[in-house]
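One point on numbering: in the numbering used here, the residue at position 115 of the sequence shown is 156, and numbering is uninterrupted.
Note that the Cβ used here is the ideal one computed from N, Cα and C, for glycine as well.
Working notes for the structure below.
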Amino acid sequence: MRRSLAALPLTGVLLAGLVGCGDNSSEEASPAEPVPTVVDGVSVTGDFGEKPTIEVDGLDVDEPVDGVVIEGEGAEVTETTMLDYRFHMVYGSNGEEVASNYAEPAAQQMDFAEQAAAITDAVVGTTVGSRVVIALPVDDLVGEGGAEQFGLRADDDLIMVLDLVSESEEPLAGPDGEAVEAPADAPTVVESDGVVTGIDFSTAAPKPSGELQVIPLIEGSGDAISEGDSVTVDYYGAVYGEDKAFDESYSGEPASFTLAEGSLIDGWVTGLAGVKAGSRVMLIIPAEQGYGSEGTGGIPGGSTLVFVIDVLGVNL
Numbered sequence: 042m043r044r045s046l047a048a049l050p051l052t053g054v055l056l057a058g059l060v061g062c063g064d065n066s067s068e069e070a071s072p073a074e075p076v077p078t079v080v081d082g083v084s085v086t087g088d089f090g091e092k093p094t095i096e097v098d099g100l101d102v103d104e105p106v107d108g109v110v111i112e113g114e115g116a117e118v119t120e121t122t123m124l125d126y127r128f129h130m131v132y133g134s135n136g137e138e139v140a141s142n143y144a145e146p147a148a149q150q151m152d153f154a155e156q157a158a159a160i161t162d163a164v165v166g167t168t169v170g171s172r173v174v175i176a177l178p179v180d181d182l183v184g185e186g187g188a189e190q191f192g193l194r195a196d197d198d199l200i201m202v203l204d205l206v207s208e209s210e211e212p213l214a215g216p217d218g219e220a221v222e223a224p225a226d227a228p229t230v231v232e233s234d235g236v237v238t239g240i241d242f243s244t245a246a247p248k249p250s251g252e253l254q255v256i257p258l259i260e261g262s263g264d265a266i267s268e269g270d271s272v273t274v275d276y277y278g279a280v281y282g283e284d285k286a287f288d289e290s291y292s293g294e295p296a297s298f299t300l301a302e303g304s305l306i307d308g309w310v311t312g313l314a315g316v317k318a319g320s321r322v323m324l325i326i327p328a329e330q331g332y333g334s335e336g337t338g339g340i341p342g343g344s345t346l347v348f349v350i351d352v353l354g355v356n357l
């Protein structure tokens with residue numbers, strides 16, 4: 042559960058941060074040496090995995106142009122590869138920064154089913170551990186007329202540098218592990234064919250304890266979550282005692298995020314630490330670790346929150 046309930050990605054194509062065990066051979070990539078320019082008018086220098094320096098001299102493109110400035114030694118990237126990546130993007134006219142995720146605790150995940158064609162064309166066929174440069178008109182990233190929606194200059198070009206950090210595992214379809222008996226006074230999960238459809242409070246304690254409660258329901262055996270990890274989950278959230286969810290992902294697609302203080306409510310950051318992939322866990326979160334005395338959206342101030350969370354993937 043993000044601190045704000047909705048954080049729109051950049052048209053779902055790549056860069057969620059603009060508005061607002063796989064192959065890890067890239068971790069051993071050698072420091073970058075000066076390389077020939079692979080896109081006319083653009084120079085990219087710096088070590089793989091660290092924020093690059095991009096210099097622009099007379100860039101003007103009518104269609105996407107791409108090249109590889111550091112060639113990785115990992116597996117070949119295909120359209121079905123799940124990648125963890127870093128990116129840095131600037132304007133082609135003056136090199137002004139547009140967006141970057143090098144300062145984030147963990148790399149983001151790339152799903153080619155959601156990418157702009159220019160990104161897929163540039164990355165597929167390269168190798169894990171590579172640094173890829175793409176120069177393209179704004180419309181080729183966000184679609185014709187999409188620049189204003191994302192606060193971009195429609196008449197400018199963009200330069201993107203992508204570090205293909207590692208290959209990530211495909212998330213599970215659902216929880217996978219041993220069932221754990223919950224306390225007798227805990228809320229009960231309502232589900233249909235393994236999909237969470239509600240939370241039943243009829244036999245639960247009339248009032249929550251006021252403490253953060255982490256209640257295992259299924260114990261998975263995958264990697265344990267640590268702060269800074271990239272995590273994929275399904276979740277169902279309700280105010281304690283309420284019949285309906287204020288937010289849930291089971292009716293749509295799983296959510297992916299970095300477990301980091303400030304980007305999620307505190308109850309998620311604390312409550313999910315140490316939980317293993319494949320697990321289902323219930324979090325009962327007091328207001329001070331949720332949305333506080335003011336609340337947010339349809340959540341009243343002072344509310345205790347209850348979440349059922351299926352941990353489908355953890356990428357360290």
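Asked, Found
"Inter-residue spacing [alpha-carbon to alpha-carbon] between Ala154 and Glu283", "36 Å"
"When Asp101, Val110 and Asp264 are compared against Gly87, the one with the closest alpha-carbon", "Val110"
"Contact check, Pro93 vs Val202, beta carbons under 7 Å", "yes"
"Which listed residue (Pro257, Glu137 and Phe128) has its alpha carbon closest to that of Ala220", "Pro257"
"Sub-7 Å separation of Gly308 and Leu324 beta-carbons", "yes"
"Proximity of Thr273 and Pro212 at Cβ, strictly below 7 Å", "yes"
"Under the three-state DSSP convention, the category Ile266 falls into", "coil"
"Rounded Cβ spacing between Gly319 and Ser262 (contact assumed at less than 8 Å)", "6 Å"
"Three-state secondary structure assigned by DSSP to Phe128", "strand"
"Asp241 versus Gly235, Asp234 and Ala227, residue with shortest Cα-Cα distance", "Ala227"
"Per-residue burial, Ala328 [other beta carbons within 10 Å of its own, 16 or more giving buried]", "buried"
"Opposing strand residues paired with Ile256 [DSSP bridges]", "Met323"
"Residues near Asp101 by beta carbon distance below 6 Å, same chain, minus five either side", "none"
"Minimum length 3: unbroken beta strand (DSSP E) runs contained in the stretch 202-252", "218-220, 229-233 and 236-241"
"Spatial distance of Ser344 from Asp264 (CA atoms)", "32 Å"
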